[in-house]
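Line by line, the protein sequences give chains G and S.
Its first residue numbered 1, the first sequence is counted upward by one per residue in the UniProt record's numbering.
Its first residue numbered 1, the second sequence is counted upward by one per residue in the UniProt record's numbering.
Beta carbons are placed, not taken as given, at the ideal position from N, Cα and C, and that holds for glycine.
Bear in mind the structure is a predicted one, so any value in this text is a computation, not a measurement.
Take a look at the structure below.
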Amino acid sequence: MTIRSDRDHGQRYRPRMSCLKKLEATVVQMQDPSTGVKGTDQKLNITTIPHVITGQDIVAWITKNVNIDNDEAQAFGTMLVAFGYIYPLQDHKKLVLRPDGSLYRFQTPYFWPVQKWKAEDTDYAIYLAKRNIRKKGVLHAYEQEEYNKLHKWMNHKWDFIVMQAKEQYQFQSLSKADRVVFDCQERAYWIVHRPPPQTHSAMDYGLDRHIDRNAEEKKTYDYYRRIIIYTQQAVMRSRVKSSVSLGALAKYITTFKNHDPFLVPCLPSNPWHTDDNSYWELNAPDVEIPTKMSVERWSFSFYELLNDPRGRADFKIFLKKEFSGENLAFWEAAEELKWGTAASMSEKAEQIFKTFLAPGAPRWINIDGRTMGLTVKGLEHPHRYVLDAAQTHIFMLMKKDTFYRYLKSPVYKEIQKKAISPAPHNFSEAQLQQNMRNRRPSINPIITWQKEQEEKAKAAAAAGPVDIKKLMASKLDRK
Amino acid sequence: MEPQLQGQVIRQLFFLIGATSVNSILLRKDLCSCRKGMLSSPHQNTPRHREILCFLVEMAAQPSDTLATLKTESETLKTKLEEERAKLHDVELHQVAEKIEALGQFVMKTRRALKGHGNKVLCLDWCKDKRRIVSSSQDGKVIVWDAFTTNKEHAVTMPCTWVMACAYAPSGCAVACGGLDNKCSVYPLSLDKNENLAAKKKSVAMHTNYLSACCFTNSDMQILTSSGDGTCALWDVESGQMLQSFHGHAADVLCLDLAPSETGNTFVSGGCDKKSCVWDMRTGQCVQSFETHESDINSVRYYPSGDAFASGSDDATCRLYDLRADREVAIYSKESIIFGASSVDFSLSGRLLFGGYNDYTINVWDVLKGTRVSILFGHENRVSTLRVSPDGTAFCSGSWDHTLRIWA
């Protein structure tokens, strides 16, 4: 594991902090004497602190000048406080903007969160030492802990640190008021960079990314050749007119609008709103009678029909009636091959060949000669995508022909009639409270999966090789 | 004209004629390959010829020269690509959106707050049963919740910190996670609450840098991963074998998403090189790429129909790219939003785009009209991950304030 903490010393540009530039621009505007936030003098103990602003003034200014509403302005202001551009005078450890009469001050640019370097431990040690010198026991518990830790780590430099602290402390030739202000500013700076326990520092942006932005990428011959080849191919790509593709996106949205729980409330009710999970029970994969919304959704596209397990089951019933179940079975088997484990591949390919592709196979699929030739040849050295051509052919066949016949078939019409349309729930406040108390856990997905596997095994055993002669006989009879 | 100037002109003309004739002898297409300055036809290759020509060609083809010409060629090709893309651009998204009715007011509240992580929540994924969630955090803990009852069902402690990627298997029987250990491990879940899941852990993927995202394909048997080493890879879970690797990003790859289309053969990835690439899983080739963001791309997500995708980036914008028209079609940004978007996801119909941002808020965008319809507050630190539930009834956001919130 690499040590990442001291990767960033020195003058390195930290691009993840580039938002700070925009924040700084706003803060500068806020400090404008004529158009900025109005400050007053505030009495604190015996000293008077100048340029104190209130939380509600800050929020009002942001609302007006950044052109956003109150809540967002408060969130924006909290960012300013969290990064240390504005610091609170009361309750200085909690860095949020309170939109009331709480007092704040602008931080001096010297203490702004600079983009280029991290606040050093040495500086922090000097700061703590200085406070210790001024008055013993003024450090908080966590600060005392940090102080002791730093004392241990930096033992070799400790004389230097104490000397620096003494120098800075004695150099305070400022007036009492200025000294109080400076202390507040310094303290605010360190709260941002060394957050007290149970708080976080906004300067923490997580792991450094591996790419070194300060390093120039080596622009070699190969680099340009790759770009040239790729761009040449990209230029040759076929494209669709914007009106066509954007129209398709808009059409998708309109088609699915009524099925989006965020746009149109789902029936009977959204389980997250009312704590009643009837909606999930009615749409379970193994439900006997589906809802009208589900059935409608199956008609949108073949993909939607296959994706819904209940829909796929219904489609299988239709196919059984038409004696053309082998297409879907082949498609499912090919999917299993594509997404299955590498070890089982050759065995599965063998199985598929015997069941679907060999001449005289029990569930022989009807694909054109060329595709069949390619597939059979590929099966000599089976790989994951060997059935791709055949699978696409069969899928297109089902999508363009079988699917539409299904939608017009009596099977579909019957399920449409049977489908239920649940009435919307209308819970009273008391009922909602009760629902909340009675939240029920659901079946573990592992159990559901095991059940599904058992059912599949049973179905596979029951299907077995179909007797071709009987099948042909029954087909001739129908004609 | 002055005599000196005349002399210069004659000299220049002489050089010009001489140079072009030598040039045309050397670089006749049927004689040699101009890039490498070599003679490809053996007929002219008498020793004397060769010596002279090689000497002259060496003089002409300095390495820095070739690099510069290649650079200009790649630039011209790139502009040509942009021109081709622009040719078919006959309408803007908001023009198409004019015919669609506007959205009403939204009331989205926090319905559940999942507390239990001891540190920043980095990633989350929903289970196909629409109520279970797996989430991972900085301290190495991976927790499986039943979000509806807010119960914790399983907890695993990874041997590394910063578990930046986690995924729920389609069957609901396993979870995959990884982070600073450079690996992706699959933990089969069990019905026995007291069983130590770490015992049955399977190490699947091996990268040379941190794992940034992982995702199961249509089955439990294959995993797609992306890493800080700039590559993505497809792995077979059972054997741990790499089935395909995808090279093309010049920097860390931070996110990926599988296409929801019926063919299910492509995925999109986004990285620190500001590029998002669409890959073909079978061949390992980059099929399309887009480079319009101004900073690292933190999150990519396909549109529900599979014909477009959205990306969220550190430049504080989210953008929508249309794959069939091969261009960026919308930018979701506002002047007041200056912090990066860490995570994006679409609602079920694709009308709403939810974005979790680093300024502790969640913005909800109208995908067609390009406007922001709502802003959600509640988290106390940046929102690091956001996913809509499989049936679209709610979405979950995970944040560095150690909690997950379900919004509906």
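Counting the other CB atoms within 10 Å of its CB gives His402 of chain S a total of 16 or more, which places it among the buried residues.
Taking 8 Å as the upper bound for CB-CB distance, Val300 of chain S and Ser269 of chain S are in contact here, some 7 Å apart. In the structure shown, the three-state DSSP call for Tyr360 of chain S is coil. The C-beta of Lys348 of chain G comes no closer than 8 Å to any C-beta of chain S. Two segments are said to touch when three or more pairs of C-beta atoms, one from each, lie closer than 8 Å; by this definition the segment 307 to 315 of chain G does not touch the segment 350 to 360 of chain G. Contact between the segment 333 to 345 of chain G and the segment 440 to 448 of chain G is not established, with fewer than three Cβ pairs separated by less than 8 Å. It is roughly 26 Å from the alpha-carbon of Arg239 of chain G to the alpha-carbon of Leu352 of chain S.
Sequence-ordered contacts of the segment 254 to 285 of chain S with chain G read Glu262, Cys272, Arg282 [C-beta pairs closer than 7 Å]. Collapsing the DSSP output to three states places Cys19 of chain G in a helix.
Within the segment 121 to 132 of chain S, those residues whose Cβ lies closer than 9 Å to any Cβ of chain G are, in chain order, Leu122, Cys127, Lys128, Asp129, Lys130, Arg131, Arg132.
Excluding residues up to 5 positions away in sequence, Thr35, Gly36, Asn65 lie with their Cβ nearer than 8 Å to the Cβ of Gln29 of chain G in the same chain.
Between the segment 84 to 92 of chain S and the segment 343 to 359 of chain S there are fewer than three inter-stretch CB-CB distances shorter than 8 Å, so the stretches are not counted as touching. At the C-beta level, Leu337 of chain G and Met398 of chain G stay beyond 8 Å of one another.
In this structure, Pro99 of chain G and Val52 of chain G do not form a Cβ contact; the two beta carbons are roughly 16 Å apart against a cut-off of 8 Å.
The beta carbon of Leu282 of chain G sits closer than 7 Å to the beta carbons of Thr291, Pro422 from its chain, once the five residues preceding and following it are set aside; these are given in chain order. DSSP places Ala308 of chain S within a strand segment (E or B) once states are collapsed to three. Between the segment 384 to 404 of chain G and the segment 224 to 237 of chain G there are fewer than three C-beta pairs closer than 8 Å, too few to call the two in contact. Chain G has no Cβ within less than 8 Å of the Cβ of Asp345 of chain S. Here Tyr412 of chain G is buried, its C-beta having at least 16 other C-beta atoms within 10 Å. Inclusion of Lys38 of chain G and Asp57 of chain G in the CB contact set at 8 Å is warranted, their separation being smaller than that value. Among the residues of chain S, none has a CB under 8 Å from the CB of Ala457 of chain G; the nearest is roughly 15 Å distant. Counting along the chain, Trp400 of chain S sits inside no beta strand (DSSP E), nor does DSSP assign it H or E at all. Residue contact check for Pro422 of chain G against chain S: no CB pair falls below 8 Å. Within 10 angstroms of the beta-carbon of Met158 of chain S lie 16 or more other beta-carbons, which makes it buried. Residue state for His383 of chain G is assigned as coil, using DSSP reduced to three classes. Rounded to whole angstroms, Val181 of chain G and Ile49 of chain G show a C-alpha spacing of 7 Å. Within the segment 235 to 246 of chain G, the residues whose Cβ lies closer than 8 Å to some Cβ of chain S are Val235, Arg237, Arg239, Val240, Lys241, Ser242, Ser243, Val244, Ser245, Leu246, listed in chain order. Residue pairing by DSSP places Ile86 of chain G opposite G:Phe106 in a beta bridge. By the CB criterion at 8 Å, Trp190 of chain G and Tyr127 of chain G fall inside the cutoff. Under the 8 Å Cβ criterion, the segment 79 to 93 of chain G counts as touching the segment 193 to 205 of chain G, having at least three qualifying pairs. Relative to the Cα of Ala205 of chain S, the nearest Cα in the group S:Thr225, S:Pro188, S:Glu153, S:Val287 belongs to S:Thr225. Taking C-alpha positions only, Ile133 of chain S is separated from Trp280 of chain G by approximately 16 Å.
8 Å or more divides the Cβ of Gln42 of chain G from the Cβ of Phe106 of chain G.
By the Cβ-count criterion, Phe246 of chain S is buried, with 16 or more other Cβ atoms from all chains shown falling within 10 Å of its own Cβ. In this chain, the alpha helix (DSSP H) harbouring His393 of chain G covers 388 to 397.
When the alpha-carbon of Val156 of chain S is set against those of S:Arg387, S:Cys255, S:Gly116, the nearest one is in S:Gly116.
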